[in-house]
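In the working numbering, the protein residues as written are 1 to 374. The C-beta atom is built at its ideal place from N, Cα and C for all residues, glycine as well.
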């Protein structure tokens, strides 16, 4: 989605690097006075260590922020997630299944998928084993946008550059799977502490967020049981605390072909899904869900915008003109603030990009149908 011109340029963040706080500073208005105030605040922020930059609620509503791109609707979004399970429980088979579906755009069970290139770092496998597994799971139905590597550098020792290089070459990258997290931890990273675990995930999260992709990190559970299943994640709570969410795959009986997938995320609904292993293809099939997914109802304003733009590639005009064209019962400033907040939904659900900027003649709005996202 195009970024509102009132937003400071967003630069992709290298793994392990710090992003300047001024890079994230938002200019609430584009008029001369607001720009002057912004630079005064920025200078003060750079020279006065006691200064805390803030943004008011009206300024917050004035801005348009990128939504969180979906990978698998209702299940997986852009960000950094842990995928955790005991050894030999079937994590890698699930990762291959997920990677195949994202790279082809085929729905995963009843969950719609947004197609894109996928990189799978299968660091505990070799190419022969991958070939045999993929053939058994999918036959000769190849996915050209699914890429593999069985070697990679570690964090702080070249992994960043390798991932950046792949994304540069495959600009539609949506998902990168690292199997396993332990394989890319920096040397000395085997000594667990909350701070070190939190820092590792934070570094990876900065990278994923800057490129708006999903990083899925395969990890192991510890042997000890816990009342909260997510407390079984090996390491400290720093891993889950810094991640956007986690998936936990486990069996009630080691020899069973059934498993439970629990999902917990920062910006998504917790879920508990019952799966059964297809013994012939080794894929995981959906059996039932213990939690019914809540679906956000259609918004009348977004529905009107989508209908209005159905036969148009683009429209530009003022908020006042848009109110009249949509026959919306709201004031121009209200419709602008509402679309500002729901711009992410407008793109994800209807494939419509929204831009808004203040001019001398008032606020100018541009709505553009994005066929790549529709």
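Pair within 8 Å by beta-carbon distance, residue i and residue j
i           : j           : result
residue 306 : residue 350 : yes
residue 150 : residue 181 : no
residue 328 : residue 295 : no
residue 247 : residue 263 : yes
residue 47  : residue 201 : no
residue 173 : residue 117 : yes
residue 299 : residue 363 : no
residue 381 : residue 121 : A question about residue 381 goes unanswered here, because the residues of the chain that appear run from 1 up to 374.
residue 240 : residue 166 : no
residue 84  : residue 176 : no
residue 111 : residue 75  : yes
Residue nearest to residue i in terms of C-alpha spacing, selected from the options
i           : options            : result
residue 215 : 238, 293, 78       : 78
residue 369 : 119, 358, 280, 347 : 347
residue 360 : 353, 211, 318, 341 : 318
residue 141 : 106, 298, 365      : 106
residue 197 : 293, 155, 167, 170 : 155
residue 60  : 341, 353, 345      : 341
residue 280 : 93, 83, 76         : 93
residue 203 : 238, 220, 170      : 238
residue 288 : 109, 220, 138, 124 : 109
residue 123 : 183, 84, 96, 130   : 183
residue 352 : 313, 324, 297      : 313
residue 95  : 343, 37, 284       : 284
residue 213 : 115, 185, 56, 297  : 115
residue 55  : 37, 293, 160       : 37
residue 160 : 185, 277, 282      : 185
residue 138 : 354, 258, 337, 278 : 278
Inter-residue Cα distance where the pair is residue i and residue j
i           : j           : result
residue 333 : residue 320 : 8 Å
residue 330 : residue 63  : 19 Å
residue 41  : residue 53  : 7 Å
residue 335 : residue 322 : 9 Å
residue 446 : residue 73  : Absent from the structure is residue 446, since the part of the chain shown begins at 1 and ends at 374.
residue 339 : residue 244 : 25 Å
residue 126 : residue 210 : 30 Å
residue 205 : residue 158 : 17 Å
residue 199 : residue 178 : 17 Å
residue 58  : residue 146 : 44 Å
residue 39  : residue 358 : 18 Å
residue 291 : residue 162 : 39 Å
residue 266 : residue 242 : 10 Å
residue 366 : residue 130 : 47 Å
residue 171 : residue 164 : 10 Å
residue 19  : residue 207 : Caution applies to residue 19, whose pLDDT of 46 falls short of 50 and renders its modelled position unreliable; the model cannot decide the point.
residue 343 : residue 43  : 31 Å
residue 308 : residue 316 : 12 Å
residue 220 : residue 128 : 24 Å
residue 405 : residue 148 : This structure cannot speak to residue 405, because the chain is shown only from 1 to 374.
residue 356 : residue 302 : 16 Å
residue 194 : residue 82  : 16 Å
residue 113 : residue 324 : 36 Å
residue 293 : residue 71  : 16 Å
residue 297 : residue 337 : 20 Å
residue 282 : residue 104 : 19 Å
residue 49  : residue 354 : 37 Å
residue 377 : residue 286 : Residue coverage of the chain in this structure runs from 1 to 374, which leaves residue 377 outside it and unanswerable.
Any non-hydrogen atom of the ligand NAP closer than 7 Å to residue i Cβ
i           : result
residue 139 : Looking at this structure, you won't find the ligand NAP or any other ligand, since it has none at all.
Beta carbon proximity, residue i to chain D, threshold 8 Å
i           : result
residue 289 : The structure shown contains no chain D; it holds only a single protein chain.
* Which whole runs of the alpha helix (DSSP H) in the segment 36 to 85 are 4 residues long or more, in chain order? -> 57 to 62
* Three or more C-beta pairs below 8 Å linking the segment 86 to 100 and the segment 265 to 274 -> The segment 86 to 100 is not in contact with the segment 265 to 274.
* **Contact between the segment 57 to 76 and the segment 250 to 259 (3+ Cβ pairs under 8 Å)** => no
* **Any 3 or more C-beta pairs closer than 8 Å across the segment 127 to 138 and the segment 94 to 111** => yes
* Asked: Along the chain, which unbroken stretches of the alpha helix (DSSP H) at least 4 residues long are found entirely within the segment 224 to 297?
  -> 238 to 242
* **Whole alpha helix (DSSP H) elements within the segment 81 to 164, 4-residue minimum** => Those alpha helix (DSSP H) runs which fall completely within the segment 81 to 164 and span 4+ residues are 91 to 104, 127 to 138.
* Those runs of the alpha helix (DSSP H) which lie wholly inside the segment 306 to 350 and span at least 4 residues -> Scanning the segment 306 to 350 for uninterrupted alpha helix (DSSP H) segments of 4 residues or longer gives 319 to 326, 332 to 341, 343 to 350, listed from N- to C-terminal end.
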